[in-house]
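Residue numbers (our numbering): 36 to 394.
Even glycine gets a Cβ: it sits at the ideal position worked out from N, Cα and C.
First the structure, in the form of structure tokens, and then the observations on it.
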Ligand SMILES: C[S@@+](CC[C@H](N)C(=O)[O-])C[C@H]1O[C@@H](n2cnc3c(N)ncnc32)[C@H](O)[C@@H]1O
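Below, the structure is given as structure tokens:
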């Protein structure tokens, strides 16, 4: 029997989550077609990446929670010669068809990987010049509307390289799949970066302008010391901050903030609000239930919330929590869009965006 074609995919993830990343990708592929003739991925623990071999199945980056970046892998160079690392990389690129819209040199998000950018930085101008001379790399202005594939050179370490491409419509728009945030000095907690990242990852510019407007109303459950509330009030949104703990800094007597020392699982708003955000550390099933109740009661239109991950069977626990929300909203006849991602600022949790949509 003829062997089915095989495509290798390179997925980036948070170190320590390789198993979850691979499990989720394989499951998504198997939902389309059984995987034939491929072996289980060889997972390198704490490496920050996974390679999975599929047949013709397509992976959808948006629907993969643990995958930071989705790359079609074309070549792996196991040993780069120390004296000339560039030539084998250029040779491998020369076998690929077409032109590229960007060249991204990347390394895993590990301690070792953090040392690699100084090393990869030297290659960037050399490779870029060579590829432009060959007409293989368009500049940003030419590429603005074309959305050509990006070329990725991934260095798992100094001595090896993986060469692949990503589809700008089915991948993260940020190098290494990480949307970096800087800590605003006035914000009361580092958690503020998590909501800032969620807003960037889940909503495009026009959605951000449309959904986060001055004069809107929000409820923040588990708000203290106030990093998430701060993200909302800085956009002119009025926030009811529910937490038995104290708010900090400028948020203590902020004109847009009402702090209620109450249990977030029992709180009900007097009037419907635009936004619910929730960062209470609780069982994912309990938080999911609460979110369902808010949407079913019509108390909010949009939500961003965290689901804490268990130590084991994380994919299954998430399936159950997110599946419960889907089932309930379907039963209630509510149209919605939901996306969950293990963000850069998430550790043992994932962040979810849920928004009501029209018809
Ligand atoms: C991770 S912290 C939230 C950090 C906050 N999002 C920020 O950016 O500063 C979790 C908060 O949830 C609160 N919390 C936990 N269970 C709660 C409950 N049942 N009701 C209200 N707050 C709760 C805790 O007091 C704690 O302040």
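Sorted by chain position, which residues of the same chain lie with C-beta nearer than 7 Å to residue 369's C-beta, five sequence neighbours on each side aside?
The residue given as residue 369 occupies position 334 in the chain shown. Result list for residue 369: 330, 391, in chain order.
I need the straight-line Cα distance from residue 57 to residue 344, nearest angstrom please.
Position 22 of the chain shown, counted from the first residue, corresponds to residue 57. Position 309 of the chain shown, counted from the first residue, corresponds to residue 344. Taking the CA atoms as reference points, residue 57 sits about 17 Å from residue 344.
Rounded distance between the beta-carbons of residue 210 and residue 141, thought under 8 Å:
Stepping through the chain shown from its first residue, residue 141 is reached at position 106. Stepping through the chain shown from its first residue, residue 210 is reached at position 175. Going by Cβ atoms, the distance from residue 141 to residue 210 rounds to 6 Å, so yes, they are a contact pair.
Should residue 287 be labelled buried (16 or more other beta-carbon atoms within 10 Å of its own) or exposed?
Taking the chain shown and counting its residues from 1, the one referred to as residue 287 is at position 252. Residue 287 should be labelled exposed.
For residue 408, tell me which candidate among 278, 304, 308 has the shortest Cα-Cα distance.
The displayed coordinates of the chain run from 36 to 394. Any statement about residue 408 would go beyond what the structure contains.
Could you check if residue 182 is buried or exposed, using at least 16 other CB atoms within 10 Å of its CB as the buried criterion?
Position 147 of the chain shown holds residue 182. Of the residues assessed, residue 182 falls on the exposed side of the cut-off, its CB having fewer than 16 other CB atoms within 10 angstroms.
Assigned secondary structure, residue 264 (DSSP; H/G/I helix, E/B strand, else coil)
Reading the chain shown from its first residue, position 229 is the one you call residue 264. Reduced to three states, the DSSP call for residue 264 is helix.
If I measure Cβ to Cβ from residue 328 and keep anything under 6 Å in the same chain, skipping five residues before and after, which residues do I get?
Residue numbering aside, residue 328 sits at position 293 when the chain shown is read from its first letter. Nothing listed; no residue qualifies.
Where does residue 229 sit, in a helix, a strand or coil, going by DSSP?
The residue given as residue 229 occupies position 194 in the chain shown. DSSP places residue 229 in helix when its eight states are reduced to three.
Pull up the distance between the alpha-carbon of residue 270 and that of residue 69, whole angstroms please.
The residue labelled residue 270 in the question sits at position 235 within the chain shown. The residue labelled residue 69 in the question sits at position 34 within the chain shown. Put simply, the backbone Cα of residue 270 is about 47 Å away from that of residue 69.
Per DSSP, what kind of secondary structure is residue 164 in: helix, strand or coil?
Mapped onto the chain shown, residue 164 falls at position 129. In the three-state DSSP reduction, residue 164 falls in the helix class (H, G or I).
Local conformation of residue 156 per DSSP, three classes:
Within the chain shown, the letter at position 121 stands for residue 156. Of the three classes helix, strand and coil, the one that applies to residue 156 here is helix, per DSSP.
Tell me, to the nearest whole angstrom, how far the beta carbon of residue 213 is from that of residue 103; I am working on the premise that it is less than 8 Å.
Here residue 213 refers to the residue found at position 178 of the chain shown. Here residue 103 refers to the residue found at position 68 of the chain shown. Confirmed, about 7 Å.
With DSSP as the reference, label residue 148 as helix, strand or coil.
Along the chain shown, read from residue 1 onward, the residue named residue 148 stands at position 113. The answer is helix: DSSP assigns residue 148 an H, G or I state.
In terms of residues, what are the limits of the beta strand (DSSP E) holding residue 334?
Start at 1 with the first residue of the chain shown, and residue 334 comes out as number 299. Here residue 334 belongs to no beta strand (DSSP E), and DSSP marks it neither H nor E.
Do the segment 77 to 94 and the segment 40 to 48 meet, that is, are 3 or more Cβ pairs less than 8 Å apart?
The segment 77 to 94 is in contact with the segment 40 to 48.
Verify the contact flag: residue 388, CB atom, against every heavy atom of ligand 1, threshold strictly below 6 Å.
Along the chain shown, one-based indexing puts residue 388 at 353. Not under cutoff, so the answer is no.
Mind checking whether residue 274 and residue 253 have CB atoms under 7 Å apart?
The residue labelled residue 274 in the question sits at position 239 within the chain shown. The residue labelled residue 253 in the question sits at position 218 within the chain shown. Their beta carbons are under 7 Å apart, which means residue 274 touches residue 253 by this criterion.
By a C-beta neighbour count over all protein chains shown, 10 Å radius and 16 as the cutoff for buried, is residue 298 buried or exposed?
As a working note, residue 298 is residue 263 in the chain shown. It counts as exposed.
Let me check you understand the geometry: is the CB of residue 226 closer than 6 Å to at least one non-hydrogen atom of ligand 1?
In the chain shown, the residue the question calls residue 226 occupies position 191. The answer is yes for residue 226.
At the level of alpha carbons, what is the spacing between residue 135 and residue 301?
Taking the chain shown and counting its residues from 1, one reaches residue 135 at position 100. Taking the chain shown and counting its residues from 1, one reaches residue 301 at position 266. Rounded to whole angstroms, residue 135 to residue 301 spans 53 Å at the Cα level.
Write down the C-beta distance between residue 415 and residue 384 rounded to the nearest angstrom, noting that I regard them as a contact closer than 8 Å.
In the structure as shown, the chain begins at 36 and stops at 394. Residue 415 is therefore absent and cannot be evaluated.
Tell me the rounded alpha-carbon separation between residue 319 and residue 351.
Counting from 1 along the chain shown, the entry for residue 319 is found at position 284. Counting from 1 along the chain shown, the entry for residue 351 is found at position 316. Whole-angstrom Cα-Cα distance: 11 Å.
Among the residues of its own chain, which have a CB less than 8 Å from the CB of residue 218, if the five just before and after it don't count?
Here residue 218 corresponds to residue number 183 of the chain shown, with the count starting at 1. 225, 227, 228, listed in sequence order.
Just checking, does the segment 201 to 208 make contact with the segment 148 to 161 on the three C-beta pairs under 8 Å criterion?
The segment 201 to 208 is not in contact with the segment 148 to 161.
Considering only heavy atoms of ligand 1, does any lie closer than 6 Å to the CB of residue 332?
Numbered from its first residue, the chain shown carries residue 332 at position 297. No - ligand 1 has no heavy atom lying nearer than 6 Å to the Cβ of residue 332.
In whole angstroms, give me the CA-to-CA distance for residue 305 and residue 358.
For the purposes of this step, residue 305 is taken as the residue at position 270 of the chain shown. For the purposes of this step, residue 358 is taken as the residue at position 323 of the chain shown. Distance between the alpha carbons of residue 305 and residue 358 is about 29 Å.
Measure the alpha-carbon distance for residue 116 versus residue 162 and round it to whole angstroms.
By one-based count along the chain shown, residue 116 stands at place 81. By one-based count along the chain shown, residue 162 stands at place 127. Whole-angstrom Cα-Cα distance: 16 Å.
Rounded separation between residue 382 and residue 164 - CA only
Position 347 of the chain shown, counting from 1, holds the residue named residue 382. Position 129 of the chain shown, counting from 1, holds the residue named residue 164. C-alpha separation (whole angstroms): 38 Å.
In angstroms with no decimal places, state the Cα-to-Cα distance between residue 67 and residue 348.
Within the chain shown, residue 67 is the residue found at index 32, counting from 1. Within the chain shown, residue 348 is the residue found at index 313, counting from 1. Here the C-alpha atom of residue 67 lies approximately 22 Å from the C-alpha atom of residue 348.
Between which two residues does the beta strand (DSSP E) holding residue 42 run?
For the purposes of this step, residue 42 is taken as residue 7 along the chain shown, with counting starting at 1. 42 to 47 is the extent of the beta strand (DSSP E) around residue 42.
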